[in-house]
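Counting from 1, position 142 in the sequence shown corresponds to residue 142 in UniProt numbering; the numbering is continuous, with no gaps.
Every residue gets a Cβ at the ideal spot worked out from N, C-alpha and C, and that includes glycine.
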Amino acid sequence: MPADVGLIEGPPRRTPGLRREEVAELAGLSAGYYARLEQGSAPHPSESVLTALARILRLTADEERHLRALAAGPGSVGAGLRADDAVPEQVSSSALRVMEMLKPRTAAIVLGRIGDVLAWNEYATRLFPGRLPTEEQHEAGRPNNARYVFCDPRSREIFSCWEKVADDTVAHLRAAAGHLVDDPGFRGLVDELLAASPEFAVRWERRDVRRHVSGEKYLNHPVLGRLTVDYEVLAVLDQPDQFLVVYGLNDVEIPESAATS
Numbered sequence: 001m002p003a004d005v006g007l008i009e010g011p012p013r014r015t016p017g018l019r020r021e022e023v024a025e026l027a028g029l030s031a032g033y034y035a036r037l038e039q040g041s042a043p044h045p046s047e048s049v050l051t052a053l054a055r056i057l058r059l060t061a062d063e064e065r066h067l068r069a070l071a072a073g074p075g076s077v078g079a080g081l082r083a084d085d086a087v088p089e090q091v092s093s094s095a096l097r098v099m100e101m102l103k104p105r106t107a108a109i110v111l112g113r114i115g116d117v118l119a120w121n122e123y124a125t126r127l128f129p130g131r132l133p134t135e136e137q138h139e140a141g142r143p144n145n146a147r148y149v150f151c152d153p154r155s156r157e158i159f160s161c162w163e164k165v166a167d168d169t170v171a172h173l174r175a176a177a178g179h180l181v182d183d184p185g186f187r188g189l190v191d192e193l194l195a196a197s198p199e200f201a202v203r204w205e206r207r208d209v210r211r212h213v214s215g216e217k218y219l220n221h222p223v224l225g226r227l228t229v230d231y232e233v234l235a236v237l238d239q240p241d242q243f244l245v246v247y248g249l250n251d252v253e254i255p256e257s258a259a260t261s
């Protein structure tokens with residue numbers, strides 16, 4: 001709000017927040033240049049401009065990373081693939097080795113740049129029955145995290161806090177958008193979900209940007225009932241856009257039959 005940054009409040013506003021001219025003034029920019037930045041027609045902003053905007057807009061760390069990724073533009077380090085650069089995503093060999101080292105009863109999956117599940121271990125199939133295909137089904141296409149949450153009714157049954165999972169899924173996808181702006185797989189996934197799920201569309205318009213690197217999942221497991229599962233999200237260095245997600249089951253034994261429940 002204006003008062004929060006030392007501006008006079010003035011008459012009531014139709015919408016909350018700062019006006020474009022006020023943001024420009026506080027950042028030391030001309031209103032015209034700031035308008036061009038918003039429209040994507042100005043040259044790449046300098047480090048000082050990005051720092052000023054992040055401070056004035058009070059961006060979170062995730063939001064600031066998203067801003068800088070967008071400012072970097074296509075073709076720069078960390079930017080998304082252009083349509084003619086698209087190649088099938090190869091699973092991280094480091095993540096596969098780590099999964100082999102995990103102690104028994106630890107579930108793990110490898111997520112790709114747009115949330116495709118690239119690899120998983122046996123306990124992941126038991127923890128999330130129906131989410132991960134058999135080896136034969138996997139050949140037909142990789143499962144996707146966001147598609148599962150919004151298009152598979154089983155996700156609403158297994159996630160006891162489905163609304164929060166849905167919020168986090170879209171915010172995480174938004175956080176990736178800055179690096180994947182020209183990635184055809186990303187654009188195709190978003191278009192598909194916008195058409196298929198009004199609940200996704202509502203959340204996408206909120207423009208929340210957030211990554212969760214640890215936390216808890218609350219599950220209604222068809223065999224074991226209510227479960228609280230800790231998880232950690234780990235980046236892998238040999239494939240920078242991939243993540244290894246490890247779920248701690250606290251030595252809970254999930255029978256093999258649970259994978260098909």
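> Do I158 and P129 come within 9 Å of each other at the CB atom, strictly closer than that value?
Replying inline: yes
>> Quick check on this structure: which residue in R19, E63, R58 and A196 has the alpha carbon closest to the alpha carbon of R211?
In response: E63
> When the Cα of V165 is compared with those of Y148, P143 and Q39, which residue comes out closest?
Replying inline: Y148
>> Runs of 4 residues minimum, wholly inside the region 219-245: which ones carry the alpha helix (DSSP H) assignment?
In response: none
> If you draw a straight line from the alpha carbon of D116 to that of V202, how long is it in whole angstroms?
Replying inline: 22 Å
> Candidates V91, E25 and R105: which alpha carbon is nearest R113's?
Replying inline: V91
>> Suppose you measure from the CA of D182 to the CA of L118; what does that come to, to the nearest Å?
In response: 21 Å
> Assuming A71 contacts H44 under a Cβ cut-off of 8 Å, what Cβ separation, rounded to an integer in Å, is found between them?
Replying inline: 6 Å
> How would you write the range of the alpha helix (DSSP H) that I114 sits in, first residue to last?
Replying inline: Per DSSP, I114 belongs to no alpha helix (DSSP H) and is neither H nor E.
> Out of curiosity, what's the CA-to-CA distance linking V77 and V229?
Replying inline: A caution first: V77 carries a pLDDT of 39, below 50, which makes its placement in the model unreliable, though a value can still be read off. When rounded, the distance between both Cα atoms is 36 Å.
> What does a CB cutoff of less than 8 Å around C151 pick up in its chain, not counting 5 residues either side in sequence?
Replying inline: L193, A196 and S197
> Apart from the five residues just before and just after W162, which ones in its own chain have a Cβ nearer than 6 Å to its Cβ?
Replying inline: R156
>> Could you tell me the alpha carbon to alpha carbon distance between R174 and A146, rounded to whole angstroms?
In response: 11 Å
>> Just to confirm my understanding: we take R36, look at its own chain, exclude 5 residues before and 5 after, and list those with CB closer than 8 Å. What are they?
In response: A42
> Grouping DSSP H, G and I as helix and E and B as strand, with all else coil, what is G185?
Replying inline: helix
>> When you compare the CB positions of L234 and L244, do they come within less than 9 Å of one another, or not?
In response: yes
> DSSP three-state call for I56: helix, strand or coil?
Replying inline: helix
>> Using only the alpha-carbon positions, how far apart do E253 and P222 sit?
In response: 14 Å
>> Output needed for V246: all residues of its chain with C-beta closer than 6 Å, excluding positions within five of it in sequence on either side, in chain order.
In response: A108 and E232
>> Quick check on this structure: which residue in N144, L224, D167 and E89 has the alpha carbon closest to the alpha carbon of R207?
In response: D167
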